[in-house]
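Only one structure is covered here, and it is reproduced in the block below.
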Amino acid sequence: MAAVDAREQQQTLADRWGGGRSPFDVGWPKLMMWLFLVSDALTFAGLLIGLWVVRLGLPSWPNRAEIMNIQLAAAMTAILICSSLAMALSVYTLRQGLRRQALWFLAATIVAGAVFAGLQGFEWTHFIREGARLDGNPWGVPAFSFTFFVITGLHGLHVVGGVVYLWAMAVRVAKGLSTDEGLEVAGLYWGFVDLVWVFIWSSIYLL
Amino acid sequence: MAEAQRASITRIYLMAFFVLLFVTAVEAVTVLVFRFPAALRVTILLICALVKATLIGAYYMNLKFERLTMVFIATVPLTLGILMFFAIVPDAARVLGLH
C-alpha cells in the first residue's frame, strides 16, 4: 500500500515537473516572463542600492528641487500610471473577446509610453545642456549625474523596448495571431516598467 | 452577470488608478510644498512608494488574482532584495564616509 502511494506520489511529481505542464498551473510564457522580471528587478535593486551606498557615503548631495524639474517628473509618473491602467484594461477587454476595444487601450498605452520616453529625452537634453556628464557636473558631485544617467537610462531603454514590444503585440492582436495570455505577458512587462519607476522616482527625484 | 463583473473589474482598476495618482500627488507636495523634518519626509515617501508598488503589483500585474505560488515567485526575491538593501547600505555608506 505504501509502495503504491509512493509510486503515485512520484508519478504526480513527474507529471508536474517533467516539463509537460507548468508546476504553477500557468503557461510557460507567463512563468518565464515572471522569472525574467524577478532577475530584472534584482538588476535595478543593485543599481538603486549602489546609488544609496554612494550617496550616504558622501558628505553632501545636490538639492534636486533646485536642479531638476520635479513637476515634469511628477507628470511623467502620472503618464506611466495612466499607461498601466490602459494596459490592464486592454488585457481585460481582450479576455472578454472585445478585440477592437483591447486595441484602443493598447494604442493608448503605446502613446503614453512614447510620450514618457519623449519627456525623458527632453529632461536628459536639459540636464546635459546644464553641464551634466557621466563623469562630472557643475554641482561638484560626479556620482550624482552618473547615477542619474545610468538608472534613468536603463529604465528609459525598458520603456522604449516596451513600446516596441507593445507595438508588435498590437499588430499580432489585430491580425488575431495572439491569445489573451500573450497580451497578459506583455502587460506584466509594462506593469514592471511602472513598478520600477516608483522606486526610481522616489530615490532620484524625491528622497 | 458578465456585464456586472466587467463593471466591477473596471471599477477596481479605476480605484487603483486614482489612489496611485493621489499618492503621487502626496509625494510631490511633500517635497515641493511642505518643509517637513528629514526623518518624517523620508518616512512619508517610503510609505508612499511601498503603497504604490503594492497597488501596481497587485492590480496591474494581477498578483492579487494569481495562485499563491506565483505570488511567492514574485515577492520572495524582492523581499530579500529589500532586506539586503537595509543590511548593506548603512555599513557600506559608513565605510565609504570614513574614506
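Just so you know, the protein sequences line up as chains A and B, in that order.
Note that the working numbering has the first sequence beginning at 1, numbered continuously upward.
Note that the working numbering has the second sequence beginning at 1001, numbered continuously upward.
Glycine included, each C-beta is placed from N, C-alpha and C at the ideal position.
Computed from a predicted structure; not experimentally measured.
From the beta carbon of residue i, is the nearest beta carbon of chain E less than 8 Å away?
i	result
residue 1078 of chain B	This model lacks chain E altogether, as its protein chains are A and B.
Please return the same chain residues whose Cβ sits closer than 6 Å to the Cβ of residue i, not counting the five positions on each side in sequence.
i	result
residue 194 of chain A	80, 84
residue 1044 of chain B	1030
residue 197 of chain A	80
residue 181 of chain A	27
residue 206 of chain A	none
Using a Cβ-Cβ cut-off of 7 Å (strictly less than) and excluding sequence neighbours within five positions of residue i, which residues of its own chain qualify?
i	result
residue 156 of chain A	117, 120
residue 1013 of chain B	1059
residue 93 of chain A	101, 102, 105
residue 149 of chain A	134
residue 99 of chain A	173
residue 1055 of chain B	1016, 1019, 1020
Using 8 Å for Cβ pairs, my map puts residue i next to residue j. What's the rounded Cβ distance?
i	j	result
residue 54 of chain A	residue 147 of chain A	7 Å
residue 203 of chain A	residue 51 of chain A	6 Å
residue 88 of chain A	residue 1021 of chain B	Contact flag wrong, Cβ pair sits at about 15 Å.
residue 1026 of chain B	residue 1052 of chain B	With a Cβ gap of about 10 Å, residue 1026 of chain B and residue 1052 of chain B do not count as contacting.
residue 1085 of chain B	residue 45 of chain A	7 Å
residue 139 of chain A	residue 67 of chain A	7 Å
residue 184 of chain A	residue 91 of chain A	5 Å
residue 141 of chain A	residue 61 of chain A	6 Å
residue 1011 of chain B	residue 96 of chain A	In fact, because the Cβ distance is near 15 Å, the residues do not count as touching under 8 Å.
residue 1032 of chain B	residue 65 of chain A	7 Å
residue 154 of chain A	residue 1089 of chain B	Residue 154 of chain A to residue 1089 of chain B, Cβ: 20 Å. No contact.
residue 86 of chain A	residue 108 of chain A	4 Å
Between residue i and the rest of its own chain, which residues show a CB-CB distance below 8 Å, the 5 nearest in sequence each way excluded?
i	result
residue 110 of chain A	163, 166, 167, 170
residue 1092 of chain B	none
residue 1071 of chain B	1063
residue 1042 of chain B	none
residue 1061 of chain B	1074
Buried or exposed for residue i, going by 16 or more other Cβ atoms inside 10 Å?
i	result
residue 1015 of chain B	exposed
residue 1057 of chain B	buried
residue 215 of chain A	Here chain A has residues from 1 to 207 only, and residue 215 of chain A is not among them.
residue 4 of chain A	exposed
residue 48 of chain A	buried
residue 28 of chain A	exposed
residue 32 of chain A	exposed
residue 1017 of chain B	buried
residue 158 of chain A	buried
residue 144 of chain A	buried
residue 1003 of chain B	exposed
residue 130 of chain A	exposed
residue 1095 of chain B	exposed
residue 1082 of chain B	exposed
residue 161 of chain A	exposed
residue 1065 of chain B	exposed
residue 128 of chain A	exposed
residue 175 of chain A	exposed
residue 137 of chain A	buried
residue 1073 of chain B	buried
residue 186 of chain A	buried
residue 1087 of chain B	exposed
Looking at chain A, which residues of the region 1014-1044 of chain B have a Cβ within less than 7 Å of any of its Cβ atoms? 1017, 1020, 1021, 1024, 1027, 1028, 1031, 1032, 1042
Contact between the region 115-127 of chain A and the region 69-77 of chain A (3+ Cβ pairs under 8 Å): yes
Please list the residues of the region 91-108 of chain A that have a C-beta atom closer than 7 Å to any C-beta atom in chain B, keeping them in chain order. For the region 91-108 of chain A, which is checked against every Cβ of chain B, the residues closer than 7 Å are 92, 96.
Mind checking the region 148-180 of chain A against chain B and listing, in chain order, the residues whose C-beta falls within less than 7 Å of any C-beta there? Those residues of the region 148-180 of chain A that come within reach of chain B (Cβ to Cβ, closer than 7 Å) do not exist; the list is empty.
Could you list the residues in the region 73-93 of chain A with a C-beta less than 9 Å from some C-beta on chain B, going in chain order? Listed in sequence order: 73, 74, 77, 78, 81, 82, 84, 85, 87, 88, 89, 91, 92, 93.
Do three or more CB pairs link the region 1033-1049 of chain B to the region 184-191 of chain A at distances below 8 Å? no
Report yes or no: do the region 37-46 of chain A and the region 1066-1077 of chain B share at least 3 C-beta pairs separated by less than 8 Å? yes
Would you list, in chain order, the members of the region 34-56 of chain A that have their beta-carbon closer than 8 Å to a beta-carbon of chain B? 34, 35, 37, 38, 41, 42, 45, 48, 49, 52, 53, 54, 55, 56
Mind listing which residues of the region 126-146 of chain A have their C-beta closer than 8 Å to chain B's C-betas, in chain order? Listed in sequence order: no entries.
Along the region 193-204 of chain A, what residues have a CB closer than 8 Å to any CB found in chain B? 194, 195, 198, 199, 201, 202
What are the residues in the region 58-70 of chain A lying within 7 Å of chain B by C-beta distance? Listed by position along the chain: 65, 70.
Which of the residues in the region 1046-1058 of chain B, read from start to end, lie with their CB under 7 Å from any CB of chain A? 1049, 1052, 1053, 1056, 1057
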